[in-house]
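**Student:**
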Amino acid sequence: MNLLKRGLTSFDLKMIGITLMVLDHIHQMFYFVGAPDWFSMLGRLVAPIFLFLSAEGFHYTHSRKRYMMNLLVGFWICNIAFTLISKLLPNPQVMLMNSIFGTLFLGLCFMWVLDGFFGPDKYPGKATLGFLGLIALTVLPMLLVNYLSPASKLLSVLLTLLPSPMLVEGGPVFIIAGGLLYVFREKRWAQYLVIFVLSVLSFITGGKGDYQWLMVFSLIPIALYHGQQGKKDKWFFYIFYPVHILILYAISSLFFV
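Residue numbers for the sequence shown follow our numbering, beginning at 1234 and rising by one.
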């Protein structure tokens, strides 16, 4: 009852997202030894929470360039670290393919583009170039795959350095959703509608065992958000995200494979 009265800060919301994310990754790393499916079900709430928080962060940050660069560097670090540990500790049961940093970075890029077209301080020329850049990041990997071997060092380097909307977690759908959450950040009902529609589409298009539609329940903690930052934790998520994945993967590979 006190929580309902007080509401959630962005820090509270982030901690909820991180807790559910850890459960989801525990399922990812240990599903083959019986980690319960409901860990993964709870993990479906994570993406909308972080997309919502990224829209808030993009609005309030003192430096959008630094915010975006931090996510891009996080994407690079995860790619390198995940590639190295996969080679050092091969685990046929678990594939470390990408990270949420790539999705959030491209989501911020899309927010920046939308702000250029529709925000109070319009910059349509730069926004057009940014939009063309997102298109290029979408098309380039598909073109390269047709001309380069998947094992090509050039292709591997490019995919490590440049997050592609087609390859990041959630794909273009999550990127567009992040942009819409930013556009509608002053109309909370419209943000709720974005997440609800996304959940319905996931339910309709998802196959058996696809729990992504459960993201609709992320509306509960998001609705409790009262717009305050709460505790500051500038670097916690950037450090915790790759470290906890590496630890869980190492345990899975060393003791359960």
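We treat Cβ as the ideally placed atom computed from N, Cα and C, and that holds for glycine.
Exposed or buried, which one is T1316 when buried takes at least 16 other CB atoms within 10 Å?
**Tutor:** The count along the sequence shown starts at 1 and reaches residue 1316 at position 83. By the 10 Å Cβ count, T1316 comes out exposed.
**Student:** Which first and last residues belong to the alpha helix (DSSP H) in which F1417 is found?
**Tutor:** As a first step, residue 1417 must be located in the sequence shown, where it is residue number 184. From DSSP, F1417 is part of no alpha helix (DSSP H); its letter is neither H nor E.
**Student:** Do M1301 and S1341 come within 8 Å of each other at the CB atom, strictly closer than that value?
**Tutor:** Within the sequence shown, residue 1341 is the residue found at index 108, counting from 1. Within the sequence shown, residue 1301 is the residue found at index 68, counting from 1. The sequence as given places Leu at residue 1341; Ser does not occur at that position. Yes, Cβ-Cβ distance for L1341 and M1301 is below 8 Å.
**Student:** Would a C-beta distance cut-off of 8 Å place L1414 and F1285 closer than the cut-off?
**Tutor:** As a working note, residue 1414 is residue 181 in the sequence shown. As a working note, residue 1285 is residue 52 in the sequence shown. Yes, they are a contact pair.
**Student:** Whose C-alpha, out of S1319, V1266, F1417, Y1471, is nearest the C-alpha of F1488?
**Tutor:** Taking the sequence shown and counting its residues from 1, the one referred to as residue 1488 is at position 255. Checking every option, the nearest Cα to that of F1488 belongs to V1266.
**Student:** Does the Cβ of R1299 have 16 or more other Cβ atoms within 10 Å, making it buried, or fewer, making it exposed?
**Tutor:** For this step, residue 1299 is matched to residue 66 along the sequence shown. The residue in question, R1299, is exposed, as its Cβ has fewer than 16 Cβ neighbours within 10 Å.
**Student:** Give every residue of the same chain whose Cβ lies closer than 7 Å to the Cβ of L1337, excluding the five residues on either side of it in the sequence, and list them in chain order.
**Tutor:** Sequence index remark: in the sequence shown, residue 1337 carries index 104 (1-based). Cβ-Cβ distances below 7 Å link L1337 to F1283, S1287, L1304 in the same chain, with the five nearest sequence neighbours on each side left out; the list follows chain order.
**Student:** How should I1428 be labelled, buried or exposed, when 16 other C-beta atoms within 10 angstroms of its C-beta is the threshold for buried?
**Tutor:** Reading the sequence shown from its first residue, position 195 is the one you call residue 1428. Buried, since its Cβ has 16 or more Cβ neighbours within 10 Å.
**Student:** If you draw a straight line from the alpha carbon of L1256 to that of I1472, how long is it in whole angstroms?
**Tutor:** Residue 1256 sits at position 23 when you count from the first residue of the sequence shown. Residue 1472 sits at position 239 when you count from the first residue of the sequence shown. Approximately 18 Å between the Cα atoms of the pair.
**Student:** Below 7 Å CB to CB, which residues in the same chain sit around L1394 once its five sequence neighbours on both sides are set aside?
**Tutor:** For the purposes of this step, residue 1394 is taken as residue 161 along the sequence shown, with counting starting at 1. Cβ neighbours of L1394 beyond the five flanking positions: W1309.
**Student:** Of the choices S1296, V1306, E1289, whose alpha-carbon is the least far from that of P1475?
**Tutor:** In the sequence shown, counting from the first residue as 1, residue 1475 sits at position 242. That would be V1306, whose Cα lies nearest to the Cα of P1475.
**Student:** For the candidate residues I1408, V1390, T1252, whose alpha-carbon lies nearest to that of N1312?
**Tutor:** Here the question's residue 1312 lines up with position 79 in the sequence shown. The candidate whose alpha carbon is nearest that of N1312 is V1390.
**Student:** Can you tell which of V1490, G1460, F1343 has its C-alpha closest to the C-alpha of V1421?
**Tutor:** As a working note, residue 1421 is residue 188 in the sequence shown. In the sequence under discussion, the amino acid at residue 1421 is Arg, which differs from the Val named in the question. Closest by alpha carbon: G1460.
**Student:** Alpha carbons only, please: which of K1359, F1407, M1375, I1259 is nearest the one belonging to S1432?
**Tutor:** Here residue 1432 refers to the residue found at position 199 of the sequence shown. Among K1359, F1407, M1375, I1259, the Cα nearest to that of S1432 is on F1407.
**Student:** What is the DSSP secondary structure of M1444, counted as helix, strand or coil?
**Tutor:** As a working mapping, residue 1444 is identified with position 211 in the sequence shown. The question names Met, but residue 1444 is Tyr in the sequence shown. Here Y1444 sits in coil by DSSP.
**Student:** In terms of residues, what are the limits of the alpha helix (DSSP H) holding H1292?
**Tutor:** Position 59 of the sequence shown holds residue 1292. 1279-1293 is the extent of the alpha helix (DSSP H) around H1292.
**Student:** Report the CB separation of Y1356 from G1349 in whole angstroms; it is logged as a contact under 8 Å.
**Tutor:** Here residue 1356 is taken as the residue at index 123 of the sequence shown, counted from 1. Here residue 1349 is taken as the residue at index 116 of the sequence shown, counted from 1. The pair is a contact, with the Cβ atoms about 4 Å apart (cut-off 8 Å).
**Student:** Among N1324, R1277, K1467, S1485, whose alpha-carbon lies nearest the alpha-carbon of T1294?
**Tutor:** Taking the sequence shown and counting its residues from 1, the one referred to as residue 1294 is at position 61. Taking only the C-alpha atoms, the option nearest T1294 is K1467.
**Student:** Whole angstroms is fine: what's the gap from L1479's alpha carbon to L1362's?
**Tutor:** Counted from its first residue, the sequence shown places residue 1479 at position 246. Counted from its first residue, the sequence shown places residue 1362 at position 129. Spanning the two alpha carbons is a distance of roughly 36 Å.
**Student:** Taking DSSP's pairing of strands, which residues face Y1221 in a bridge?
**Tutor:** This structure does not reach residue 1221, given that the chain is present from 1234 up to 1490, and the question cannot be answered.
**Student:** State the start and end residues of the unbroken alpha helix (DSSP H) segment that holds G1340.
**Tutor:** Residue 1340 sits at position 107 when you count from the first residue of the sequence shown. Element bounds for G1340: 1333-1351.
**Student:** Please state the DSSP three-state secondary structure of Y1458.
**Tutor:** Position 225 of the sequence shown, counted from the start, is the residue given in the question as residue 1458. DSSP places Y1458 in the strand class (E or B) of the three-state scheme.
**Student:** Excluding the 5 residues preceding and the 5 following F1272 in the sequence, name in chain order all residues of the same chain whose CB lies nearer than 7 Å to its CB.
**Tutor:** Numbered from its first residue, the sequence shown carries residue 1272 at position 39. For F1272, where only same-chain residues beyond five positions count, the Cβ hits under 7 Å are L1256, D1257, I1259, H1260.
**Student:** Considering only the alpha carbon of each residue, which of L1347, L1339, G1412 lies closest to K1359?
**Tutor:** Start at 1 with the first residue of the sequence shown, and residue 1359 comes out as number 126. Looking only at L1347, L1339, G1412, the smallest Cα-Cα distance to K1359 is reached by L1347.
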